[in-house]
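Heads up: the structure comes next, in structure tokens.
Protein chains in written order, with this note's numbering: chain A, 575 to 845; chain B, -8 to 499.
Below, the structure is given as structure tokens:
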């Protein structure tokens, strides 16, 4: 931890990344502990109200508090990002590790399948899975997660191929250490920094992909909201209430930059 | 330290710029407005699916072709049928024979006169009498069209039907035109000039029109495929008129620049229930939902209180059949709703899936307000948005749903367009409504030989739907039309029609 703080003082990327991500985490905590209103509570008397002391960011077209909805939506979006990367990185790492380590027919078969998946843009792939699983938050997590597997598998496999010829792996092999132990204890910790920065890039892609899916109306379902859905809803009153689009857009931008800088900072640190 | 500060500054700038890019990305500027009031540019939401009036199916195409083509009769702004190409008509033999006397001097856009042969050709073509399938399915009732003399045409049906006249609005086209898609020539107040796919359709006034001539000479129909650009294009002056705006869009338009006309969409918006699916197979559950909701509150939320409350499958444009008292069959009464639920065996309420077509903002918003209202009696509506094509295949055709919020319109101005779908074995009975009493009342309405009896039974049908709470009826949605103040005269029709001929320059 103290190492991290010391490093932060030297690297502006790590510092801003931490601050921006911290800001997002604060928003989530605020929403969890003391959200000003229930994010689905409607008020017919205050539709599209401007900013006031009662509603800091005003209300939307159904009289729901925008700030509370943003706090809630940030949580939803963050959970989708974590879940997606969890599924993608988890399965991707295992696939990449096995194919990279064993090689041969297994490698050829799995990598060709992954090449095929790679040929489709991940958002298109996610759309196919959404149509199979149905709409809803957890379905979106699963769909995006599967769509993310190929890129993680690729990264991990490459790293494994690089490590396989390193002396410490060869020594371990000659000593007769079990394959699984070599994969998970000897090689995996050595590629963690690389993996970690792809995970953070994955977060960003997940946030954007979810925003895209929700924007198309197939992500989280109303009356609940994610940042993407809010952005899509608020563009309808871009002219008379530009504040709402700006607020939602700001949170998405901060979240993305935060993850990106954090990833970059960690990558530089590892070097 | 210095590089640190520089980095932070850059990052702050990046945040601001990316937020701006994200929000302003959709902006596009419009052209300057025209000053010549003999022309107008009207925005339409989608490209036409064809120019052949018999083959066009999209409502958005028909509303444009209404200005180019006419039938023997033609609806007026009240929805009543007025003679057009025919001068007068008589219905004989209990509705089996329709005799039309043609108006003399009616000309096609190429200045040839409309003859009885053209009328026979058009009807034969649309009804598929020259062999092959009828192009317009409803016209399959026509057994034959006979030319009595140069100015009289007689249409014989294969059954008696006194309600057939609305179908005879079908376009009369010239016999000598080979391909209507390329040469859409009709008799309407406007004639076709040109068309650029996905861009525009250009019309010009037909000066030899038999009736009251149009005011504006040149009309450009501009296709506005991006709904977010409509408000900008209106304000920028690149379009002068747009129909079917949402309240949110209307709120953004300046009242100094635009006249906003408010009408109704002429459809029945309801939470349609799958009457064959548990728990909605129990009439008490359906009634409980009706008692739980408040249509006025929904209108307040969704459209600032605009809209017309409905209590059955009939909207007020059908002045003869609409029963206003049915709006009060179920005034909001939460205690009664809970009581009915308990009786039906759901004292703690239940949960159901509410499928909504996600492209229709007004239906999605309505569903969200419904969810809040139903929560008060312990019923949990889980909203599931689906894309329009899936809605059509899964909900409408497949009938695989519990409840859905949607608007059902009438294809023509006959009450059967709204009521026939609730007959037990009707092919389009997507609610699986089945009630022998209703079937009987509906059959009686269509067996009735006089108008009073028929009206009586049609009203009976409406009452049965209301009493058995076939669906949770909500409202006839409001429709807003924005017209630049330079023009005036927009007229609503109780049908899906835009009558451009009635638009005129505003008095200076």
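Glycine is no exception: its CB is placed at the ideal position from the N, C-alpha and C atoms.
Tell me whether residue i is buried or exposed, calling it buried when 16 or more other Cβ atoms sit within 10 Å of its Cβ.
i: residue 440 of chain B; result: exposed
i: residue 22 of chain B; result: Its pLDDT being 37, under 50, residue 22 of chain B is placed unreliably in this model, and the coordinates cannot settle the point.
i: residue 310 of chain B; result: exposed
i: residue 245 of chain B; result: exposed
i: residue 338 of chain B; result: exposed
i: residue 578 of chain A; result: exposed
i: residue 827 of chain A; result: buried
i: residue 584 of chain A; result: exposed
i: residue 189 of chain B; result: exposed
i: residue 315 of chain B; result: exposed
Does the Cβ-Cβ distance between residue i and residue j come in under 8 Å?
i: residue 438 of chain B; j: residue 256 of chain B; result: no
i: residue 778 of chain A; j: residue 830 of chain A; result: yes
i: residue 666 of chain A; j: residue 726 of chain A; result: yes
i: residue 714 of chain A; j: residue 654 of chain A; result: yes
i: residue 481 of chain B; j: residue 472 of chain B; result: yes
i: residue 386 of chain B; j: residue 357 of chain B; result: no
i: residue 648 of chain A; j: residue 598 of chain A; result: yes
i: residue 179 of chain B; j: residue 61 of chain B; result: yes
i: residue 51 of chain B; j: residue 258 of chain B; result: no
i: residue 83 of chain B; j: residue 94 of chain B; result: no
i: residue 92 of chain B; j: residue 142 of chain B; result: yes
i: residue 671 of chain A; j: residue 776 of chain A; result: no
i: residue 494 of chain B; j: residue 59 of chain B; result: no
i: residue 761 of chain A; j: residue 737 of chain A; result: yes
i: residue 774 of chain A; j: residue 723 of chain A; result: no
i: residue 836 of chain A; j: residue 592 of chain A; result: yes
i: residue 224 of chain B; j: residue 809 of chain A; result: no
For residue i, is the beta carbon positioned less than 7 Å from some heavy atom of the ligand FAD?
i: residue 437 of chain B; result: The ligand FAD is not part of the structure shown, which contains no ligands of any sort.
Let me make sure I understand the geometry here. Which of the options has the alpha-carbon closest to that of residue i?
i: residue 283 of chain B; options: B:465, B:107, B:49, B:242; result: B:465
i: residue 320 of chain B; options: B:453, B:435, B:139, B:156; result: B:453
i: residue 72 of chain B; options: B:129, B:146, B:157, B:137; result: B:157
i: residue 290 of chain B; options: B:86, B:353, B:496; result: B:353
i: residue 293 of chain B; options: A:593, A:610, A:671, A:637; result: A:637
i: residue 343 of chain B; options: B:362, B:336, B:331; result: B:362
i: residue 731 of chain A; options: A:720, A:838, A:800, A:685; result: A:685
i: residue 710 of chain A; options: A:826, A:695, A:757, A:650; result: A:650
i: residue 317 of chain B; options: B:169, B:122, B:299; result: B:299
i: residue 392 of chain B; options: B:421, B:406, B:193, B:359; result: B:421
i: residue 733 of chain A; options: A:658, A:770, A:591; result: A:770
i: residue 285 of chain B; options: B:85, B:406, B:230, B:365; result: B:365
i: residue 674 of chain A; options: A:695, A:756, A:844, A:588; result: A:756
i: residue 231 of chain B; options: B:474, B:488, B:448; result: B:474
i: residue 233 of chain B; options: B:490, B:497, B:374; result: B:490
i: residue 601 of chain A; options: A:745, A:839, A:824; result: A:824
i: residue 802 of chain A; options: A:589, A:643, A:603; result: A:643
Kindly indicate the opening and closing residues of the alpha helix (DSSP H) around residue i.
i: residue 832 of chain A; result: 816 to 844
i: residue 725 of chain A; result: 711 to 738
i: residue 586 of chain A; result: 586 to 608
i: residue 620 of chain A; result: Where residue 620 of chain A is concerned, there is no enclosing alpha helix (DSSP H), given that its DSSP letter is neither H nor E.
i: residue 152 of chain B; result: From DSSP, residue 152 of chain B is part of no alpha helix (DSSP H); its letter is neither H nor E.
Tell me which residue opens and which closes the beta strand (DSSP E) that residue i is part of.
i: residue 66 of chain B; result: 64 to 66
i: residue 181 of chain B; result: 181 to 187
i: residue 464 of chain B; result: 463 to 467
i: residue 260 of chain B; result: 258 to 264
i: residue 373 of chain B; result: 371 to 377
i: residue 678 of chain A; result: Unbroken run through residue 678 of chain A is the alpha helix (DSSP H), 678 to 692; no beta strand (DSSP E).
i: residue 87 of chain B; result: Where residue 87 of chain B is concerned, there is no enclosing beta strand (DSSP E), given that its DSSP letter is neither H nor E.
i: residue 703 of chain A; result: Premise fails: residue 703 of chain A lies in the alpha helix (DSSP H), 696 to 707, not in any beta strand (DSSP E).
i: residue 234 of chain B; result: 232 to 236
i: residue 342 of chain B; result: 342 to 348
Can you pull the chain E neighbours of residue i, defined as C-beta to C-beta under 8 Å?
i: residue 393 of chain B; result: Absent here is chain E; the protein component of the structure consists of chains A and B.
Original post:
Within the chosen definition, does the segment 210 to 230 of chain B reach the segment 33 to 45 of chain B through at least 3 CB pairs nearer than 8 Å?
Top reply: Output reads yes: the segment 33 to 45 of chain B touches the segment 210 to 230 of chain B.
Original post:
Just checking, does the segment 257 to 276 of chain B make contact with the segment 452 to 468 of chain B on the three C-beta pairs under 8 Å criterion?
Top reply: yes
Original post:
Pairing CB atoms from the segment 613 to 633 of chain A with CB atoms from the segment 578 to 598 of chain A, are three or more of them under 8 Å?
Top reply: By the C-beta criterion, the segment 613 to 633 of chain A is judged not to be in contact with the segment 578 to 598 of chain A, since fewer than 3 inter-stretch pairs fall below 8 Å.
**OP:** Assess, as a yes-or-no matter, whether the segment 680 to 698 of chain A is touched by the segment 744 to 757 of chain A under the definition of 3 or more beta carbon pairs within less than 8 Å.
**Re:** no
Original post:
Are at least three pairs of beta-carbons, each pair with one atom in the segment 809 to 825 of chain A and one in the segment 609 to 625 of chain A, less than 8 Å apart?
Top reply: yes
Subject >> Cβ pair count under 8 Å reaching 3, the segment 429 to 437 of chain B against the segment 400 to 419 of chain B >> reply: yes
Subject >> Meets three-Cβ-pair contact criterion under 8 Å: the segment 155 to 169 of chain B and the segment 127 to 144 of chain B >> reply: yes
Original post:
Do the segment 98 to 108 of chain B and the segment 194 to 203 of chain B make contact, defined as three or more Cβ pairs closer than 8 Å?
Top reply: yes
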